[in-house]
Every structure is written in structure tokens, then in C-alpha cells.
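Structure record follows, encoded as C-alpha cells.
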Amino acid sequence: MATGSTRYLRYILFAVFGIAILYFISTSSLPSYAQPLTSGGKFSWDSPSDDSSSSKPKEASDAVSPPKQSSPASGETRPLQSMTPNITPAVPSELSPPAPGERVNATFVTLARNSDLWEIARSIRQVEDRFNRNYNYDWVFLNDKPFDDQFKKITSSLVSGKTHYGEIPTEHWSFPPWIDQKKAEAVREDMRRRRIIYGDSISYRHMCRFESGFFFRHPLMQQFEYYWRVEPSVELFCDVHYDPFRFMKDNKKKYSFVLSLYEYVETIPTLWDSVKKFIKAHPEHISPDNSMSFLSDDGGETYNKCHFWSNFEIGNLDWLRSQAYQDFFESLDKDGGFFYERWGDAPVHSIAAALLLRKEEIHFFNDIAYYHVPFTHCPTGEDLRLKLRCHCNPQDNFDWKGYSCTSRYFDLNKIAKPEGWMDQV
Ligand SMILES: Nc1nc2c(ncn2[C@@H]2O[C@H](COP(=O)(O)OP(=O)(O)OP(=O)(O)O)[C@@H](O)[C@H]2O)c(=O)[nH]1
Ligand SMILES: *[C@@H]1O[C@H](CO)[C@@H](O)[C@H](O)[C@H]1NC(C)=O
Ligand SMILES: [Mg+2]
1 MATGSTRYLR YILFAVFGIA ILYFISTSSL PSYAQPLTSG GKFSWDSPSD DSSSSKPKEA
61 SDAVSPPKQS SPASGETRPL QSMTPNITPA VPSELSPPAP GERVNATFVT LARNSDLWEI
121 ARSIRQVEDR FNRNYNYDWV FLNDKPFDDQ FKKITSSLVS GKTHYGEIPT EHWSFPPWID
181 QKKAEAVRED MRRRRIIYGD SISYRHMCRF ESGFFFRHPL MQQFEYYWRV EPSVELFCDV
241 HYDPFRFMKD NKKKYSFVLS LYEYVETIPT LWDSVKKFIK AHPEHISPDN SMSFLSDDGG
301 ETYNKCHFWS NFEIGNLDWL RSQAYQDFFE SLDKDGGFFY ERWGDAPVHS IAAALLLRKE
361 EIHFFNDIAY YHVPFTHCPT GEDLRLKLRC HCNPQDNFDW KGYSCTSRYF DLNKIAKPEG
421 WMDQV
């Protein structure tokens with residue numbers, strides 16, 4: 001009776017409401033890079049200049065497209081559509097259309113274990129959503145063991161470009177013959193007792209040595225000129241509204257960073273001695289316009305422990321494959337600190353970049369917002385954050401805090417710090 005008709009009325013209201021929502025969804029479309037939400041912000045892809053957009057239309061984008069058929073032709077249950085016979089929600093034929101312009105000879109690269117799958121899946125999703133869905137760059141995955149089918153299946157479904165899976169040759173992931181195993185073991189035991197992070201780990205050391213000296217030499221990496229390193233569980237907080245690879249190439253940048261900090265001294269007590277030895281042996285490799293003042297406060301006598309945080313890097317592979325970098329790595333490797341201490345690839349890459357490159361070949365990406373536990377780079381400048389639809393809290397930005405080295409980079413390059421930096425100190 002009364003309750004019955006109320007229920008009936010409620011059903012009708014529900015149905016009307018549901019139809020209204022479906023109608024709204026079907027008629028509105030997602031914003032794309034062709035129509036930025038922002039006013040006033042001129043993005044590099046706004047101009048329909050030379051539309052060579054089909055330079056790489058990608059087989060892959062077809063592969064990920066949902067079935068073209070959007071009507072319930074097959075007898076399968078399609079509850080949404082059967083409720084709303086007159087409305088066919090638009091099924092996009094692509095996840096996102098490609099950005100115009102030519103692609104650079106570049107790839108993403110990730111070192112991972114099979115067990116890292118869901119953590120790297122998170123990272124990939126963010127990189128794709130914020131950038132690569134419009135660019136479709138390839139992605140190289142490297143592992144000291146074979147990747148399993150599950151890893152390949154999930155990651156290849158997430159990456160909009162081609163995926164490549166490589167195994168690391170044993171010589172690049174083992175103790176070199178000149179290392180005294182007994183001595184290395186004693187070091188690990190000592191570091192374990194002193195509770196130095198990863199201090200007792202063998203695999204972590206192989207990882208650091210591999211990232212320092214070998215990833216760019218892997219056969220799968222030989223075919224590329226630039227790389228963007230992505231680790232598990234990182235976050236991107238802002239749209240990347242242009243192609244950073246293109247930026248690197250056009251501006252002749254060789255190395256880049258978003259976060260910098262001081263290294264734990266316990267992990268690198270003799271690294272600087274080893275570097276000084278290299279400088280003496282190979283003065284020809286040291287750039288006359290280097291960034292020594294990023295690394296040292298006394299003209300090279302001692303190391304201040306500053307380094308770029310290498311879990312994010314966009315860099316030039318040909319530079320890492322150059323004679324200068326090769327000589328640098330070999331010299332350090334022979335000294336044994338990857339095993340007799342616990343040298344990280346971050347200080348190794350950073351010292352190389354600071355000494356072998358010209359200052360202006362190192363770039364700071366303020367506009368790439370990034371998190372790797374426990375540090376955040378959230379772009380300084382509210383304008384920029386709004387334009388790029390950032391979702392990081394500016395107060396989390398590490399750049400101008402006391403333990404960051406990024407101020408030094410700005411000072412030595414005589415670059416003005418972005419407006420608002422003083423409020424974040
Ligand atoms: N294949 C393989 N990859 C590894 C191994 N150890 C570390 N990695 C990868 O190397 C990178 C760095 O390792 P992480 O464990 O993230 O080291 P980290 O960033 O210093 O430390 P976290 O704070 O734990 O992230 C990540 O991409 C890992 O997936 C390993 O034994 N095998
Ligand atoms: C990409 O760069 C690598 C390394 O420099 C080079 O060997 C390769 O030929 C390049 N590929 C293309 C298509 O230019
Ligand atoms: Mg990590």
C-alpha cells in the first residue's frame with residue numbers, strides 16, 4: 001500500500017537518476033592534451049604545427065584498444081546497456097591519442113625482480129597516465145633471473161609502447177675475480193652489526209654495481225640513445241606536458257635529476273680517495289667546466305656527500321658508454337668499493353656527471369613531480385602546479401630543505417631559484 005507505492009516511486013527516481021548519469025557520461029569526453037583545461041598555459045603540443053603525429057602510430061595502441069564493437073551484439077550480459085536501450089556509452093578506440101611530433105631514440109628502463117611486479121605496476125600506471133600514454137615510448141625490463149609470464153603479461157598490458165625483457169649476463173651480476181670474498185664477507189658482517197641499511201646484502205651490492213656500470217651496455221639498451229629510469233613504487237604527481245627526452249636531446253643535456261641529498265658516509269668511506277685517484281690518472285676526462293663545487297666545498301680535497309638521487313634519472317646512454325665514463329667506472333670497480341664498502345650507483349653516477357660533463361649538460365626537472373620513499377619533489381611555484389594538475393602537497397617538497405643539495409646546483413649554475421622557494425625552506 002503506502003509503503004509499496006513509495007518503493008515504486010523510489011525505483012522510478014533511481015532509474016531516472018541512473019539514466020541521467022549515463023547520459024552525462026556518454027556525452028562528456030575526457031580532456032586531452034589537444035585541449036588543455038588550463039587557461040593561458042601554452043603547452044608545447046598546443047600548436048598543430050607540423051603534424052607528423054603518425055610518425056609512430058604504434059601497433060601497440062591497436063593491441064590495447066577495447067573491441068570496436070560497442071553494442072551488445074553478443075549474447076553476453078551487458079547490464080548497463082540493457083537498462084538504457086537508447087544510450088550507447090562511447091567506448092574510446094584508443095586509451096589516449098598520441099601527441100604530435102617525432103619521437104626521440106629513447107626508452108624507459110626498469111631493473112626489477114618478479115616479486116616487484118605490483119610495485120612496478122603502480123609506477124608504470126603513473127608514468128603512463130601522466131606522460132607516456134601520449135608518447136608510447138618503449139620500456140626495457142632487466143632482471144638477474146628470467147621474468148615470469150605473469151610479470152610480462154601485466155607489464156606489457158600497462159605499457160603503451162613496446163616492452164622488452166632482458167636477462168642480465170652473469171659477469172654483470174657477480175663478484176669480479178679480483179674481489180677477496182673473505183674480506184667482502186667480513187665487511188657485510190660488520191655492517192650488519194652496525195645496522196647499516198642494506199649493509200649485509202649481497203644482491204643490493206650487485207644491483208648498485210650493475211646500475212653503475214652495466215645497465216646501459218645490455219644488448220637491449222644498445223639500440224637506444226636516451227633512458228628514463230623508473231623504480232617500483234614511485235609516484236608522478238603532475239602531468240608531464242612535453243617530451244622530456246626531446247628536451248634532453250634538443251638542449252644537449254646528458255644527465256638529469258629531480259632530487260638530491262647527502263649520502264650515508266658509512267657506505268662510501270673511501271669512494272672519494274678512489275675518485276681522486278681516477279682524476280690523477282685521467283685528467284683528460286675531467287671537464288674544464290665541471291660541477292666540482294656540487295661535490296666538494298674545498299676544491300676537491302674532500303667529498304661533501306652530495307649526489308643526485310638516481311632512482312629517477314633521464315640521461316644519455318651514449319655518454320655512459322663513452323670512454324670517459326667507462327674508464328671512470330673501471331677505475332672505481334678495480335678498487336673494490338662496491339663490495340668492500342657499499343657504494344651506491346647514485347654517488348657514482350653523480351660524481352661522474354659532475355666531473356665528466358659540462359655544467360650545463362646536467363638538468364634539473366622542476367616540472368617533473370616525483371616521489372620515492374621517503375622524499376618528494378613537488379614543483380616550486382603554484383602557477384606551475386595548477387597548470388600541470390599536480391596532486392602533491394607543496395609542503396612535502398624536499399628541494400630547499402637542509403638535507404637537500406639542490407640549492408648548490410642552482411648556486412653553482414647561477415640559476416635563479418623558482419619563486420616561492422623561500423617559503424619552503
Ligand atoms: N632483478 C633484481 N632487481 C633488483 C634487485 N635488488 C634491487 N633491484 C631493483 O633495483 C632497484 C633498486 O632497488 P630498491 O630495492 O628499490 O633499492 P632502493 O631504492 O635503494 O631502496 P628502497 O628504499 O627499498 O626502494 C629497483 O628497481 C629494484 O627493483 C635484485 O636482487 N634483482
Ligand atoms: C639509437 O641510438 C643508438 C645508440 O646511439 C644507435 O645505435 C641507433 O642506431 C639509434 N637508432 C636510431 C633509429 O636512430
Ligand atoms: Mg627503490
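Read in order, the letters of the sequence shown are residues 1 to 425 in full-length UniProt numbering. Every residue gets a Cβ at the ideal spot worked out from N, C-alpha and C, and that includes glycine.
Any C-beta of chain C sitting closer than 8 Å to the C-beta of Lys305?
Reference to chain C is not applicable here, since this structure consists of a single protein chain.
Should Met207 be counted as a contact of ligand 1 given a C-beta to heavy atom distance under 7 Å?
With a cutoff of 7 Å, Met207 counts as near ligand 1, since its C-beta is closer than that to a heavy atom of the ligand.
Cβ distance (whole Å) where Val230 is taken to contact Thr110 below 8 Å
That pair is a contact at about 5 Å.
Val425: buried (16+ other C-beta within 10 angstroms of its C-beta) or exposed?
Exposed, by the Cβ-count rule.
Would Tyr370 pass as a contact of Glu235 if the rule is Cβ separation under 8 Å?
Using a Cβ distance threshold of 8 Å, Tyr370 and Glu235 count as a contacting pair.
Per DSSP, what are the beta-bridge partners of Asn143 in this structure?
In the DSSP secondary-structure assignment, Asn143 is bridged to Glu167.
Within the same chain, show all residues whose beta-carbon is closer than 6 Å to that of Arg385, passing over the 5 residues directly before and after it, in chain order.
Take Arg385, set aside five residues on each side of it, and the residues of its chain with a beta-carbon closer than 6 Å to its own are Pro379, in chain order.
Enumerated in chain order, which unbroken segments of the alpha helix (DSSP H) with a length of 4 residues or greater are wholly contained in the region 317-393?
Within the region 317-393, the complete alpha helix (DSSP H) runs of at least 4 residues are 317-320, 323-335, 337-340, 345-356, 382-387.
Under 8 Å, do Trp309 and Phe364 count as touching if we go by C-beta distance?
The answer is no: Cβ separation not under 8 Å.
In three-state terms, what does DSSP make of Val275?
Looking at Val275 - three-state DSSP - the assignment turns out to be helix.
Check each residue's C-beta against every heavy atom of ligand 3 and list, in chain order, those closer than 6 Å.
For ligand 3, the selected residues are Glu231, Asn311, His372.
Compute the Euclidean distance between the alpha carbons of Ala184 and Asp190, then round it to the nearest angstrom.
Rounded to whole angstroms, the gap between the alpha carbons of Ala184 and Asp190 is 10 Å.
May I ask which residues mark the beginning and end of the alpha helix (DSSP H) holding Val187?
Here the alpha helix (DSSP H) through Val187 covers 181-193.
Give a single yes or no on whether Asn316 has its beta carbon closer than 7 Å to a heavy atom of ligand 4.
Although ligand 4 was asked about, the structure shown includes only ligand 1, ligand 2 and ligand 3 as ligands.
Cβ-heavy atom distance between Tyr204 and ligand 1 below 7 Å?
Within the chosen limit of 7 Å, ligand 1 reaches the beta carbon of Tyr204 through at least one heavy atom.
Other residues of its chain near Ala352: CB distance less than 7 Å, five sequence neighbours each side excluded:
The residues are Tyr325, Phe328.
Under the rule that 16 or more other beta-carbon atoms within 10 Å means buried, what is Met248, buried or exposed?
Buried, because 16 or more other Cβ atoms sit within 10 Å of the Cβ of Met248.
Is Glu167 closer than 8 Å to Pro146 when the C-beta atoms are compared?
Contact flag set, yes.
Collapsed DSSP secondary structure at Thr110 in the structure displayed
DSSP places Thr110 in strand when its eight states are reduced to three.
Tyr137 in three-state terms, based on DSSP
Residue state for Tyr137 is assigned as coil, using DSSP reduced to three classes.
Roughly how many angstroms lie between the CA atoms of Tyr242 and Arg192, to the nearest whole one?
Distance between the alpha carbons of Tyr242 and Arg192: 45 Å.
Could you give the residue range of the alpha helix (DSSP H) that holds His206?
Counting along the chain, His206 sits inside the alpha helix (DSSP H) bounded by residues 202-213.
Got a sec? Which residues, its chain only, sit under 7 Å from Arg122 by beta carbon, not counting five neighbours each side?
Excluding positions up to five away in sequence, the list reads Ser233.
Which ranges would you report for the alpha helix (DSSP H) in the region 227-302 if only whole runs of at least 4 residues count?
DSSP runs (the alpha helix (DSSP H)) wholly in the region 227-302: 244-250, 271-281, 292-295.
In or out: residue 474 buried (at least 16 other Cβ within 10 Å) or exposed?
With the chain covering 1 to 425 only, the question about residue 474 has no answer from this structure.
So Phe308 is in the beta strand (DSSP E); what residue range does that whole segment cover?
Segment 306-308, the beta strand (DSSP E) holding Phe308.
Might you give, ordered along the chain, the residues of its own chain that have their beta carbon closer than 8 Å to the beta carbon of Gly300, omitting 5 neighbours on each side?
Correct list, in chain order: Lys276, Ile279, Met292.
Should the region 152-163 be called in touch with the region 128-138, which here means at least 3 C-beta pairs below 8 Å?
Three or more Cβ pairs closer than 8 Å define a contact, and the region 152-163 meets that threshold against the region 128-138.
For Ser203, collect the residues of the same chain with a Cβ closer than 7 Å to its Cβ; drop the 5 residues on either side in sequence, then sort them by chain order.
The beta carbon of Ser203 lies closer than 7 Å to none in the same chain, with the five residues before and after it left out.
Arg193 CB to nearest heavy atom of ligand 1 below 7 Å
With a threshold of 7 Å, the Cβ atom of Arg193 does not count as near ligand 1, since no heavy atom of the ligand is closer than that.
Between which two residues does the alpha helix (DSSP H) carrying Ala121 extend?
DSSP places Ala121 inside the alpha helix (DSSP H), whose first and last residues are 117-130.
Tell me the DSSP secondary structure of Ser160 in three-state form.
It is coil, neither helix nor strand.
Is it the case that the Cβ atoms of Val102 and Lys253 are separated by a distance below 8 Å?
Before going on, a small fix: residue 102 reads as Glu here, not Val. No, they are not a contact pair.
Within the continuous alpha helix (DSSP H) that includes Pro176, where are the two ends?
Where Pro176 is concerned, there is no enclosing alpha helix (DSSP H), given that its DSSP letter is neither H nor E.
Please work out which residues of its chain come closer than 8 Å, Cβ to Cβ, to Phe175, disregarding the five sequence neighbours upstream and downstream, and give them in chain order.
The answer, listed in chain order, is Gln181, Ala184, Phe339.
Whether Leu317 touches Glu171 by CB criterion (8 Å):
Their beta carbons are not under 8 Å apart, which means Leu317 does not touch Glu171 by this criterion.
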